[in-house]
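In our numbering, the protein residues as written are 4 to 346.
Comments concern the structure below.
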């Protein structure tokens, strides 16, 4: 089946007219169709064109999907793609320099192959399709420690690290259920079992962080993250494992892979300029679901007692949106739940 940009533009104009939307000219750069999955990707010129194609409440793209008889339609903004491609170019340059310095041909070289392929197929790259058709030999030695919280971002990083041949060890820093809820243990244990990954819980005390944040002295996330990062790095050094992988989506481009004292730190989603929807699509296939809310039970209590602290949580959501990791609609849902849950 083949679709042409001109015919899609005409159909969109017709649908908008029929449902009472004002007439606009949709600027479509290209259309790509995946015969195997019956998926259509429409590349709009920018976010305004993307909004016009989707329509209010998704009505336009919903009708278009029905009329074309496809399983799904993904509308992407070319202006967003340009930013993501630029970030990936920075990541690739930094990754190559790390490979040259540390001579880590495998599995960092596998990661380089994935990154280059993703850049070449940026409009319609699909992790599931790539993983079904490309296979990598696993390192005999543990090459990476993955910081696993049980959320979708760190779960994505573990799945990819295992697939790319890092032979990872998963480490979960456990400060107690007020920060790491019991249902996250379920995600962690099941994922590690399904992937066949060695996993360790490391208990830490965060009494001071918990007490002082509940007293309103500060927002807990920064201090909590620092303790978790230090604990994971300490474990990697103790076990003589050369790399640590995180699920951070923000430290993109050249900052997504850092070398400190011969330890390589990789923010995998950021390095690949992955979107939250891509992360959810992959992790859902292994039974990992996001909570739909922002933060942990401790943060919920802090928000409840000190509503002004929500400002700092919102800053994180906005930063991920600005970086292209979150769609505006996803950010709106998180922000809305942040205020709704904290009442």
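Glycine included, every Cβ here is placed at the ideal spot set by N, Cα and C.
Owing to the predicted nature of the structure, the values given are computational and were not obtained by experimental measurement.
- By the CB criterion at 8 angstroms, residue 272 and residue 146 fall outside the cutoff.
- Secondary structure at residue 32: strand, using DSSP grouped into helix, strand and coil.
- In the DSSP assignment, residue 177 forms a beta bridge with 206.
- The beta carbon of residue 223 sits closer than 7 angstroms to the beta carbons of 212, 216, 301, 302 and 305 from its chain, once the five residues preceding and following it are set aside; these are given in chain order.
- Bounds of any beta strand (DSSP E) do not take in residue 196; it lies within the alpha helix (DSSP H) bounded by 185-198.
- Ranked by Cα distance from residue 73, the first of 58, 289, 327 and 11 is 11.
- In this structure, DSSP gives residue 141 a state outside helix and strand, which the three-state scheme calls coil.
- When Cβ pairs closer than 8 angstroms are counted between the two stretches, the stretch 76-89 is seen not to touch the stretch 108-115, the count staying below three.
- Nearest Cα to residue 33 within the set 45, 27, 20 and 40: 45.
- Distances from the CA of residue 31 to each of 204, 14 and 24 were compared; the closest alpha carbon is that of 14.
- Per the coordinates, the alpha-carbon of residue 289 lies some 14 angstroms from the alpha-carbon of residue 200.
- With 16 or more neighbouring CB atoms inside 10 Å of its own CB, residue 275 falls in the buried class.
- Taking the Cα of residue 310 as reference, the smallest distance to any Cα among 170, 291 and 342 is reached at 342.
- Secondary structure within the stretch 278-326: the alpha helix (DSSP H) runs of 4 or more consecutive residues, fully enclosed, are 279-287, 300-308 and 313-325 (chain order).
- Scanning its chain for C-beta atoms nearer than 6 angstroms, with the 5 sequence neighbours on each side dropped, one finds around residue 153 the residues 187, 190 and 191, in chain order.
- In the assembly as shown, residue 243 is an exposed residue. Its beta-carbon has fewer than 16 other beta-carbons within 10 Å.
- The bridge partners DSSP lists for residue 262 are 267.
- For residue 228, the uninterrupted alpha helix (DSSP H) segment begins and ends at 224-241.
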